[in-house]
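Chemist: Input: one structure, supplied below.
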DNA sequence: ACGAGTACCTGGCAGC
DNA sequence: TGCTGCCAGGTACTCG
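Residue numbers (our numbering): 192 to 453.
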């Protein structure tokens with residue numbers, strides 16, 4: 192579920208609740224999946240950061256508690272049927288909720304110990320993520336441009352929804368091989384990625400039919416109302432009216448307008 | 001080395 | 001209503 196906007200909305204929602212607070216107790220309900228996180232007990236939370244789709248709690252003992260929400264994970268202010276970890280704070284608790292159990296939690300001395308986090312690419316807002324950079328990355332690959340955008344080592348934070356939406360805004364078909372992207376298109380894609388993520392963040396992220404993404408207070412996001420292509424197969428393109436098509440890239444659905452995206 | 005396919009989990013929903 | 005099969009926001013691993 193959660194891509195960069197949803198993770199950032201989550202970070203902003205939980206930060207006031209945990210910043211400066213001592214973790215009184217860690218209740219780990221899936222110790223096989225999240226080994227050793229109980230050791231965060233007794234530490235104070237100095238900072239809550241986001242990097243791509245990862246959430247990082249910097250703790251007063253110098254260690255880090257790192258969360259990845261996977262497909263269906265999130266934080267809640269209340270217990271749920273799928274609570275996997277409870278962080279008891281001085282004045283309340285935070286619940287890590289994850290129905291599909293694709294989420295992960297690590298306690299590490301250094302974030303670089305988290306496998307993907309050590310290799311992750313620039314944030315979309317980082318000036319390092321520019322047209323020249325994307326063009327260079329795309330040029331050397333025959334993978335579809337959508338697969339390149341979803342590669343967290345290329346750029347951090349894009350998933351299936353926002354890759355589709357960004358490529359629609361950029362007017363580039365998701366199936367286009369990376370090595371057939373022009374410099375001009377790379378420029379448009381970079382711009383579109385930034386715009387779509389910012390708009391999604393402002394809308395509180397996307398909450399789909401299955402409601403798997405919710406804010407910690409259970410409120411939903413509204414960006415799904417602005418989706419131009421994602422989840423809209425057969426419906427009219429908001430720009431030209433042509434029916435949106437769905438295809439498969441790397442085993443996942445990809446949506447595009449056959450007329451606006453070439 | 002690259003890229004495609006599959007595995008990991010669980011729940012919701014469409015279709016029969 | 002109830003069952004079955006399909007689909008899902010992500011990432012890691014294997015295989016050709």
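Glycine included, C-beta positions come from ideal geometry on N, C-alpha and C. Because the structure is a prediction, the values reported are computed rather than measured.
Could you give the first and the last residue of the continuous beta strand (DSSP E) run that contains residue 274?
Modeler: 274-280
Chemist: Between residue 193 and residue 205, what straight-line distance do the alpha-carbon atoms span, to the nearest angstrom?
Modeler: 15 Å
Chemist: I'd like to check one pair, residue 255 with residue 299: are the Cβ atoms closer than 8 Å?
Modeler: yes
Chemist: Look at the Cβ atom of residue 318, then the Cβ atom of residue 368, and state whether they are nearer than 8 Å.
Modeler: Cβ atoms of residue 318 and residue 368: not closer than 8 Å.
Chemist: Here's a check: name, in chain order, each residue in its chain whose Cβ is nearer than 8 Å to the Cβ of residue 288, leaving out the five neighbours to either side.
Modeler: 264, 265, 266, 267, 271, 273, 274 and 275
Chemist: Run the CB neighbour count on residue 355, radius 10 Å, all protein chains shown included, and call it buried at 16 or more, exposed below.
Modeler: buried
Chemist: Short of 7 Å in beta carbon distance, which residues of its chain neighbour residue 396, apart from the five on each side in sequence? Order them along the chain.
Modeler: 196, 197, 200, 404, 412 and 414
Chemist: What residues are listed by DSSP as bridge partners for residue 447?
Modeler: 436
Chemist: Evaluate the contact criterion for the region 212-231 versus the region 291-305: three or more CB pairs, one atom per stretch, below 8 Å.
Modeler: yes
Chemist: So what does DSSP say about residue 355, is it helix, strand or coil?
Modeler: helix
Chemist: Tell me, please, which residues DSSP counts as bridged to residue 298.
Modeler: 256
Chemist: Do you know offhand how far residue 408's Cα is from residue 269's?
Modeler: 8 Å
Chemist: Under the assumption that residue 308 contacts residue 277 (Cβ atoms under 8 Å), give the Cβ distance between them as a whole number of angstroms.
Modeler: At roughly 24 Å, the Cβ-Cβ gap does not stay under 8 Å, so residue 308 and residue 277 are not in contact.
Chemist: May I have the straight-line CA-CA distance separating residue 435 from residue 384, to the nearest angstrom?
Modeler: 20 Å
Chemist: Drop a sphere of 10 angstroms on the beta-carbon of residue 247, count the other beta-carbons inside from all chains shown, and report buried for 16 or more, exposed for fewer.
Modeler: Buried is the call here.
Chemist: Relative to the alpha-carbon of residue 216, which residue among 238, 251, 279 and 236 has its alpha-carbon at the smallest distance?
Modeler: Nearest of 238, 251, 279 and 236 to residue 216, Cα basis: 279.
Chemist: Hey, could you find the ends of the alpha helix (DSSP H) residue 206 is sitting in?
Modeler: 195-209
Chemist: Assuming residue 445 and residue 439 are in contact, meaning their beta carbons sit under 8 Å apart, how far apart are those beta carbons, in whole angstroms?
Modeler: 7 Å
Chemist: Suppose you measure from the CA of residue 450 to the CA of residue 212; what does that come to, to the nearest Å?
Modeler: 53 Å
Chemist: What's the gap between the Cα of residue 431 and the Cα of residue 357?
Modeler: 17 Å
Chemist: Counting only runs that start and end within the region 303-366, where is the alpha helix (DSSP H) found for 4 or more residues in a row?
Modeler: Listed in chain order, they are 322-330, 336-341 and 351-361.
Chemist: Buried or exposed: residue 210, going by 16 or more other Cβ atoms within 10 Å of its Cβ?
Modeler: exposed
Chemist: What is the rounded straight-line gap between the Cα of residue 348 and the Cα of residue 371?
Modeler: 23 Å
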